[in-house]
Amino acid sequence: MEASPLVLVVAVLQAAVRSGTPILFVCIGEIYAERSGVLNVGLEGLMLVGAIAGFSVGYSVGNPVVGVIAAAIAGALFSLIHAYVTITLRADQIVSGLTLTILGTGISGFFGKPMIGQVGPGFDQIAIPGLSSIPILGQVLFRQDAMVYLSYLLVPIAWWVMYKTHLGLAIRSVGENPATADSLGVSVTKVRYGCVLFGGAMAGLGGAYLSLAYTTMWIEQMSGGRGWITLALVIFAAWNPARAMLGAYLFGGADALQLRVQAVGIEIPTYFLMMLPYVLTITILVLASRASMRRRIGAPAALGLPYAREER
Amino acid sequence: MKLRITNHRSTLLIAVFALAGGLFLQACGGGEKAVAPEAAMEAAPGNGVPVKAAFIYVSPVGDAGWTLAHDKARLVVDELPYVETAYTEAVPEGAEAERTLNQYVRDGYNLIFTTSFGYMDPTINVAATSPDVTFMHCSGFKTAPNVGTYFGRMYQPRYLTGMIAAKMSKSNVLGYVAAHPIPEVIRGLNAFALGAQSVNPKIKVHVVWTQTWYDPAKEREAAESLLDVGADVIAQHQDTPAPQQAAEKRGRYSIGYNSDMSSFAPAAHLTAPIWHWEVVYNKVVEQVHTGTWTSSQYWGGLADGVVGLSPYSDLVPQDVRDLVEAKKAAIVSGAWDVFTGPINNQAGELWVPEGEVMSDGDMLGMTKLVEGVVGTIPK
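Heads up: the sequence lines are chains A and B, in that order.
Under the working numbering, the first residue of the first sequence carries the number -7, and numbering increases by one thereafter.
Under the working numbering, the first residue of the second sequence carries the number 2, and numbering increases by one thereafter.
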């Protein structure tokens, strides 16, 4: 039984969407946080908190949807720590973010102990009637699970809010020049708090995708470094939610492709395929480190800088 | 990246709190846990020395795989009246491992098990400065007067699972989710393929290397990729049960690893080649207790019981079980072993001539695949 090439191409693309989805959630949240000027490198910890909260609540009530909501709430609450210490206390964002990763790993491991070996409820693949029968595209995009469909809704909304609404303008201005935004009556603190909490909620969703959709179990440190990959993806996406979608699928797709190339038995150096997304990211990072380039790709000017009114 | 410290006081405060909090939680979560000495310790039989055994784990006990299997065995020896145990989980391989080992030595532990290949040099280094402590390193090849090694012939039960997989397959394609391309993994894959071919010469084993021990999402995706090319039984070498779930979701079968993984995929899981480390731990603990321990390289198999099969699923028919049990009996009796010729390599050239049995040295250094495996070893 050998699968035809077309079937395999569809399978790779379908897998690209699936494996890109957890990092897509996290990435959209982080874009908002960074657009408002707050770098959160604690995504790995937030994902783990989301994964365990989503799994344990989903498992207890037997409903994955409730688990997803719990994961978002847990992520938002956990990111409150980051918001408080970086926005209110104006502490260093990187130190606080790393803290979040250490804490998140510990907390999720601690509360996850009784969940080890349990199988929870999960999201199954749902083919959307009509759309899923479109050749190739329909099979790739519309034979996925409910959380993937949720991400399809979130990306355009995130883009629209960011670029077409007053709120988005406020967020971007706070990240570019908080003093000016403040003088125009925008509350820097409120906007930044909101963005960091939203970022936490989205990272929670990304984690929940791993424990409720990708697999239906909890094991410690199951995020496997995806939080760190997302930090690179944000830069790759140039802080734009729409480009994040493309980037996430590219990151996911490179992995899905190399696995399938192996499964078919074609002899090509898989190490090369595996490093492709990282090579792209490093290239962009190198380019982005030049100030002129930084401006062009759209890095928020006040990213990483705490804001204090007195220092205006 | 330039680290900009803007508010030194609160930054420092947060860092301290976080570290304290993280360490506290790790400790609560069983990061470092000493079990209180048994009251019966003084009344130990044979008037031997009390054994304080420490275990160093590479991943969290919650990995549901490799480390869990070791920890289950630790709990077994912990029941002995003259033994107390402690463990540290998720210890990075390297300098951190040496620090942890030295700490246990200072705390008076007289037996330390290091349960991952990467602890080899740290174990040898610390052992050199702690001659009174017995060290047992899992899966390595370096020894010292107070350092022994232990491992199991996992390829034997893997061969048996290959037989079951081939009997259950309708597509004649099996999928093997391989971890890192090292001899241990290659040996398991080859044994699985040979077992499968022994009952069905037409069978092909497709292999995908994830280059991970522990990444459930990636391992599920690797299983998906094998299911996509028509594999209807999935076997694995990683520590997470993710490939099992992938097989179940697609209505196919799976073979677990490390421990019984049937709870994760009851409708797919046929059996699993599993570890019974308590076989080693019981023996070593007793030897240290009675002062009869000497350094050696232990590599036990089905005959010792250090490796075995988890209970068969109801899906496995009786005639298949009989076939497997007969083969198992042959291996246990020593009449036959897995890598007995004739065996061809992947290119179809004769590798092990008829009637010859591969030496332990060749098995431990295995770097090529047998005929019938589809895929290559990443270079």
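For each residue, glycine too, the CB sits at the ideal point set by N, CA and C.
Open item on the list: Determine, for A:I274, whether the minimum Cβ-Cβ distance to residues of chain B falls below 8 Å.
Closed with: Position 282 of the first sequence, counting from 1, holds the residue named residue 274 of chain A. Chain B, which has no Cβ nearer than 8 Å to the Cβ of A:I274, makes this no.
Open item on the list: Just to make sure I have the definition right: I need the residues of chain A whose C-beta is within less than 7 Å of the C-beta of B:V375. Which are they?
Closed with: As a first step, residue 375 of chain B must be located in the second sequence, where it is residue number 374. Going along chain A in sequence order, the residues near B:V375 (Cβ under 7 Å) are G257.
TODO: Starting from the Cα of A:A293, find the closest Cα among A:L249, A:A234, A:M266, A:A173 and give me that residue.
DONE: Residue numbering aside, residue 293 of chain A sits at position 301 when the first sequence is read from its first letter. Ranking the options by Cα distance to A:A293, first place goes to A:A173.
- [ ] For A:E212, go through chain B and note every residue whose CB falls closer than 7 Å to its CB, in chain order.
- [x] For the purposes of this step, residue 212 of chain A is taken as residue 220 along the first sequence, with counting starting at 1. Residues of chain B passing the Cβ test: P61, G63, D64.
TODO: Pick helix, strand or coil for A:Q254, following the three-state DSSP scheme.
DONE: Residue numbering aside, residue 254 of chain A sits at position 262 when the first sequence is read from its first letter. Reduced to three states, the DSSP call for A:Q254 is helix.
Task: Bridge partner(s) assigned by DSSP for B:W276 - done: Taking the second sequence and counting its residues from 1, one reaches residue 276 of chain B at position 275. For B:W276, which the question treats as bridged, DSSP gives the partners B:V308.
Open item on the list: At the level of alpha carbons, what is the spacing between B:K432 and B:L228?
Closed with: Here chain B has residues from 2 to 380 only, and residue 432 of chain B is not among them.
Task: Distance, A:L161 Cα to B:A223 Cα - done: In the second sequence, counting from the first residue as 1, residue 223 of chain B sits at position 222. In the first sequence, counting from the first residue as 1, residue 161 of chain A sits at position 169. The alpha-carbon atoms of B:A223 and A:L161 are separated by roughly 42 Å.
Task: Span separating the alpha-carbon of B:P132 from that of B:T115 - done: Counting from one through the second sequence, the residue named residue 132 of chain B turns up at place 131. Counting from one through the second sequence, the residue named residue 115 of chain B turns up at place 114. The alpha-carbon atoms of B:P132 and B:T115 are separated by roughly 16 Å.
Open item on the list: Here's the rule I'm using: 16 or more other beta-carbon atoms within 10 Å means buried, otherwise exposed. How should B:W278 be labelled?
Closed with: The sequence position of residue 278 of chain B within the second sequence is 277, counting from 1. Here B:W278 is buried: its Cβ has 16 or more other Cβ atoms, across all protein chains shown, within 10 Å.
Task: B:S255 beta carbon less than 8 Å from that of B:I235 - done: Numbered from 1 along the second sequence, position 234 holds the residue referred to as residue 235 of chain B. Numbered from 1 along the second sequence, position 254 holds the residue referred to as residue 255 of chain B. Yes, they are a contact pair.
Open item on the list: Checking 8 Å against the spacing of the C-beta atoms, do A:A45 and A:G192 come in under that value?
Closed with: Here residue 45 of chain A refers to the residue found at position 53 when the first sequence is read from its first residue. Here residue 192 of chain A refers to the residue found at position 200 when the first sequence is read from its first residue. The criterion of a C-beta distance shorter than 8 Å is not satisfied by A:A45 and A:G192.
Task: First through last residue of the alpha helix (DSSP H) which encompasses B:E185 - done: The residue labelled residue 185 of chain B in the question sits at position 184 within the second sequence. In the DSSP assignment, B:E185 falls within the alpha helix (DSSP H) that extends over 184 to 200.
- [ ] Let me know if A:N32 comes out buried or exposed under the rule of 16 or more other beta-carbons within 10 Å of its beta-carbon.
- [x] Against the first sequence, residue 32 of chain A aligns to sequence position 40. Buried is the call here.
Open item on the list: For a test of the three-state rule: what should DSSP assign to B:E43, helix, strand or coil?
Closed with: If you number the second sequence from 1, residue 43 of chain B lands on position 42. For B:E43, the predicted model reports a pLDDT of 41, less than 50, meaning its position is unreliable; a value from the coordinates is still stated below. B:E43: helix per DSSP, three-state reduction.
Open item on the list: Quick check: is the beta carbon of B:T89 nearer than 8 Å to any beta carbon in chain A?
Closed with: Locating residue 89 of chain B in the second sequence gives position 88, counting from the first residue. Answer no: the Cβ-Cβ gap between B:T89 and chain A never drops below 8 Å.
Open item on the list: Against A:G109, what residues of chain C qualify as contacts under a CB-to-CB distance less than 7 Å, listed in chain order?
Closed with: Reference to chain C is not applicable here, since the protein chains of this structure are A and B.
Open item on the list: At the level of alpha carbons, what is the spacing between B:F142 and B:M367?
Closed with: Here residue 142 of chain B refers to the residue found at position 141 when the second sequence is read from its first residue. Here residue 367 of chain B refers to the residue found at position 366 when the second sequence is read from its first residue. Rounded to the nearest whole angstrom, the CA to CA distance from B:F142 to B:M367 is 14 Å.
Open item on the list: According to DSSP, simplified to helix, strand and coil, what is B:R253?
Closed with: One-based indexing of the second sequence puts residue 253 of chain B at position 252. Coil.
Open item on the list: Counting only C-beta atoms, is B:H1 closer than 8 Å to chain A at any point?
Closed with: No answer is possible for residue 1 of chain B: the residues shown for chain B start at 2 and end at 380.
TODO: From the DSSP output, in three-state form, read off B:T1 for me.
DONE: Any property of residue 1 of chain B remains undetermined from this structure, which presents chain B solely from 2 to 380.
Open item on the list: So if DSSP puts B:K53 in a beta bridge, which residue, or which two residues, is it bridged to?
Closed with: Position 52 of the second sequence holds residue 53 of chain B. Looking at the DSSP assignment, B:K53 forms a beta bridge with B:E85.
Task: Any chain B beta carbon closer than 8 Å to A:L0 - done: Stepping through the first sequence from its first residue, residue 0 of chain A is reached at position 8. For A:L0, the closest Cβ of chain B is nearer than 8 Å.
TODO: Note down, in chain order, each residue of its chain lying with its Cβ closer than 7 Å to the Cβ of B:L351, except the 5 sequence neighbours on either side.
DONE: As a first step, residue 351 of chain B is located in the second sequence; it is residue number 350 there, counting from the start. So the qualifying residues of the chain are P343, N345.
Open item on the list: Determine, for B:N8, whether the minimum Cβ-Cβ distance to residues of chain A falls below 8 Å.
Closed with: As a position in the second sequence, residue 8 of chain B is number 7, starting the count at 1. Because B:N8 carries a pLDDT of 43, less than 50, the predicted location of this residue cannot be relied on, and the following value inherits that uncertainty. By this cut-off, B:N8 is an interface position.
Open item on the list: Taking the alpha-carbon of A:V256 as reference, which of B:K380, B:L324, B:K205 has the nearest alpha-carbon?
Closed with: Walking along the first sequence from the start, residue 256 of chain A turns up at place 264. Residue B:K205 is the option with its Cα nearest to A:V256.
Task: Beta bridge counterpart(s) of B:Y299 as assigned by DSSP - done: Against the second sequence, residue 299 of chain B aligns to sequence position 298. Paired residue(s): B:Y151.
Task: Contiguous alpha helix (DSSP H) assignments of at least 4 residues, all confined to the segment 150 to 175 of chain A - done: Runs of the alpha helix (DSSP H) inside the segment 150 to 175 of chain A: 158 to 168, 170 to 175.
TODO: Provide the residue(s) that pair with B:T115 in DSSP beta bridges, ordered along the chain.
DONE: Taking the first residue of the second sequence as 1, we reach residue 115 of chain B at position 114. DSSP, once it has assigned bridges, lists B:I57, B:H138 as partnering B:T115.
Task: B:S297 versus B:K328: straight-line alpha-carbon distance, rounded - done: In the second sequence, counting from the first residue as 1, residue 297 of chain B sits at position 296. In the second sequence, counting from the first residue as 1, residue 328 of chain B sits at position 327. Cα-Cα distance, rounded: 29 Å.
Task: Where A:R135 falls: helix, strand or coil (DSSP) - done: In the first sequence, residue 135 of chain A corresponds to position 143, counting from 1. Correct three-state label for A:R135: strand.
Task: Cross-strand partners of B:A179 (DSSP beta bridge) - done: By 1-based counting over the second sequence, the position of residue 179 of chain B is 178. The partner list for B:A179 (beta bridge, DSSP) reads B:W210.
Task: Short CB-CB distance (under 8 Å) between A:Q254 and chain B - done: Position 262 of the first sequence, counted from the start, is the residue given in the question as residue 254 of chain A. Chain B places a beta carbon closer than 8 Å to that of A:Q254, counting this residue as a contact.
Task: Same chain, Cβ closer than 8 Å to B:G309, neighbours up to 5 away in sequence not counted - done: Here residue 309 of chain B refers to the residue found at position 308 when the second sequence is read from its first residue. The residues are P158, P274, I275, H277, L303.
Open item on the list: Any beta carbon of chain B sitting closer than 8 Å to that of A:L268?
Closed with: The residue given as residue 268 of chain A occupies position 276 in the first sequence. Output row for A:L268: interface = no.
- [ ] Mind checking the segment 16 to 40 of chain A against chain B and listing, in chain order, the residues whose C-beta falls within less than 9 Å of any C-beta there?
- [x] Of all residues in the segment 16 to 40 of chain A, none comes within less than 9 Å of chain B when Cβ atoms are compared.
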